[in-house]
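Worksheet: the structure to be examined is printed underneath.
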Amino acid sequence: MAIARDDSGVGPTARALWSQVHPVFMTPPLAASLFGAILAGDVDPVVAAVHVVAMFAAVYTAHVKDGYVDFHVRGEDDDHPLTETGCRTALALSTATFALCCLALGLLVDALAVAVTLPTWLIAYHHAPQLDTNPLTATTGYPLGIALSVLGGFYVQAGTITAVPLGFALVFLTLLSGIKVIDDAQDYAYDRSIEKRTVAVAFGPDRAYDIAYGLMTVALVAVVAFAAARIFPLTALVAALAFAAVAGIARRADPELATMLLIRGSYVFLAVLVAAVRFDPIGRLV
Numbered sequence: 015m016a017i018a019r020d021d022s023g024v025g026p027t028a029r030a031l032w033s034q035v036h037p038v039f040m041t042p043p044l045a046a047s048l049f050g051a052i053l054a055g056d057v058d059p060v061v062a063a064v065h066v067v068a069m070f071a072a073v074y075t076a077h078v079k080d081g082y083v084d085f086h087v088r089g090e091d092d093d094h095p096l097t098e099t100g101c102r103t104a105l106a107l108s109t110a111t112f113a114l115c116c117l118a119l120g121l122l123v124d125a126l127a128v129a130v131t132l133p134t135w136l137i138a139y140h141h142a143p144q145l146d147t148n149p150l151t152a153t154t155g156y157p158l159g160i161a162l163s164v165l166g167g168f169y170v171q172a173g174t175i176t177a178v179p180l181g182f183a184l185v186f187l188t189l190l191s192g193i194k195v196i197d198d199a200q201d202y203a204y205d206r207s208i209e210k211r212t213v214a215v216a217f218g219p220d221r222a223y224d225i226a227y228g229l230m231t232v233a234l235v236a237v238v239a240f241a242a243a244r245i246f247p248l249t250a251l252v253a254a255l256a257f258a259a260v261a262g263i264a265r266r267a268d269p270e271l272a273t274m275l276l277i278r279g280s281y282v283f284l285a286v287l288v289a290a291v292r293f294d295p296i297g298r299l300v
């Protein structure tokens with residue numbers, strides 16, 4: 015039962031399995047989980063670690079399933095490091111890891127902690143070939159997973175959900191959906207050729223860009239509104255300004271460069287929000 019397509023042995027097998035860890039897309043869900051924990055205040059490191067591992071397992075599941083469908087089922091990709099058996103083995107390992115994390119959360123917290131966490135795996139597993147076939151779910155799957163990661167990271171610490179994590183989850187869902195539209199626009203010609211209905215295919219590239227930046231604008235306006243209502247700390251305004259500056263530059267770039275800038279900008283956005291929640295220097299001066 016070969017795991018790696020190119021070779022056999024421990025080394026090639028480990029490299030093939032590790033190839034499905036994509037740091038650019040792995041980092042935000044894990045950081046979102048920790049951000050939710052920070053929002054809760056007092057952080058239990060064991061519980062936080064279990065939830066982070068659950069998020070890792072969920073995103074890993076999405077990457078493996080997506081690669082399996084695109085290469086072994088649809089024949090869209092030119093290459094893939096895992097055999098069909100390798101993909102099934104990786105999915106079994108990631109799903110078992112996620113299940114163990116859910117069991118631990120059920121014991122350490124409660125059943126609702128499992129209920130908040132479980133949807134992330136369901137979204138990950140069903141992204142391909144179910145959720146990636148229409149503009150709405152193809153766009154919102156990954157952002158919704160991150161929003162749920164924030165809520166789950168908060169709940170496993172606080173044992174409840176308040177307006178603050180809900181507000182942040184909504185902001186991330188909207189902002190990252192805008193970035194996802196831009197990301198999908200990179201593959202407009204190919205997606206159109208195989209009738210994959212992303213936002214760019216459904217509405218055209220120009221309209222897709224308008225929708226994308228409209229979503230990002232709504233998210234940033236929401237940050238301002240929540241800060242004005244003192245639901246978010248006032249320092250969150252700095253995060254909105256920082257991302258707005260990046261988005262302004264990205265608006266004049268091609269989809270590939272714009273995606274790179276916006277993803278890095280989202281990292282800055284999250285980092286400033288973490289600092290705002292922990293320290294809120296502007297709020298202390300007002």
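Residue numbers 15 to 300, in the numbering used here, belong to the letters of the sequence shown in order. Each residue gets a CB set at the ideal place from its N, CA and C atoms; glycine is no exception.
Opposite residue i in the DSSP bridges: which residues?
i, result
"L251", "Paired residues: none, contrary to the question."
"A18", "L96"
Do residue i and residue j have their C-beta atoms within less than 7 Å of each other?
i, j, result
"A28", "S22", "no"
"S163", "P43", "yes"
"D91", "D84", "yes"
"A285", "P247", "no"
"T134", "A72", "yes"
"A161", "F186", "yes"
"T41", "A138", "no"
"A264", "L287", "no"
"L229", "S191", "yes"
"V78", "L105", "yes"
"P295", "T231", "no"
"V60", "S47", "no"
"L119", "A129", "no"
"A256", "V282", "yes"
"V311", "A203", "Coverage of the chain is limited to positions 15 through 300, which leaves residue 311 absent and any answer about it impossible."
"P269", "Q200", "yes"
"A259", "L251", "no"
"A325", "A18", "Any property of residue 325 remains undetermined from this structure, which presents the chain solely from 15 to 300."
"I245", "A177", "yes"
"A216", "T131", "no"
Within the continuous alpha helix (DSSP H) that includes residue i, where are the two ends?
i, result
"D220", "219–242"
"V282", "269–292"
"I137", "125–140"
For chain E, is any of its Cβ atoms less than 7 Å away from the one on residue i?
i, result
"A233", "No chain E is present in this structure, which holds just one protein chain."
Which runs of the beta strand (DSSP E) spanning at least 3 residues fall entirely within the segment 153–209, listed in chain order?
none
Could you tell me whether the segment 161–170 touches the segment 182–190, where touching means 3 or more Cβ pairs closer than 8 Å?
Counting Cβ pairs under 8 Å, three or more are found: they touch.
Could you check whether the segment 230–246 touches the segment 206–213, counting it as contact only if at least three pairs of C-beta atoms, one from each stretch, sit closer than 8 Å?
no
Give a yes or no on contact between the segment 99–115 and the segment 144–157, applying the rule of three or more CB pairs nearer than 8 Å.
Counting Cβ pairs under 8 Å, fewer than three are found: no touch.
Does the segment 47–64 come close enough to the segment 94–103 to have 3 or more Cβ pairs within less than 8 Å?
no
Sufficient close CB pairs (3 or more, under 8 Å) joining the segment 259–279 to the segment 187–205:
yes
Quick one: complete beta strand (DSSP E) runs, 3+ long, within the segment 33–106?
none
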